[in-house]
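Engineer:
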Amino acid sequence: EQPELQGTPFEDTNHEIIRTTMQAMYSSLIKQGKTDKEAKAIISNIEPFNNFIHFLEFLK
20 EQPELQGTPF
30 EDTNHEIIRT
40 TMQAMYSSLI
50 KQGKTDKEAK
60 AIISNIEPFN
70 NFIHFLEFLK
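Take a look at the structure:
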């Protein structure tokens, strides 16, 4: 096996779609009364968003 040659989930997915979906989820969670920290924690524990935690800093 050559694990370094294995792809990661969603690596070929348009990252703008991922970011936009994360923003929509974040906005929804905030409207439900979650804090910024809580909303980002929830999103970071959901696949495939856990592979894109670098986008969390752009959520507002």
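Position one of the sequence shown corresponds to residue 20 (the numbering used here), numbered consecutively onward. We put the beta carbon where it would ideally sit given N, CA and C, even for glycine.
Between which two residues does the alpha helix (DSSP H) containing Gln51 stretch?
Structural biologist: Gln51 -> no alpha helix (DSSP H), and no H or E assigned at all.
Engineer: Go through its chain and collect everything with a Cβ distance to Asn64's Cβ below 6 Å, but skip five positions before and after it.
Structural biologist: So the list is empty, once near-sequence residues are dropped.
Engineer: If we ignore side chains and look at the alpha-carbon of each, how far apart do Gln42 and Thr32 end up?
Structural biologist: Approximately 16 Å, taken between the alpha carbons.
Engineer: Please report the straight-line C-alpha distance between Ala58 and Lys79, rounded to a whole angstrom.
Structural biologist: Those two C-alpha atoms are separated by around 10 Å.
Engineer: Can you find the residues in the same chain that come closer than 8 Å, C-beta to C-beta, to Gly52, ignoring five residues on each side of it along the sequence?
Structural biologist: Taken in chain order, the list of residues that qualify is empty.
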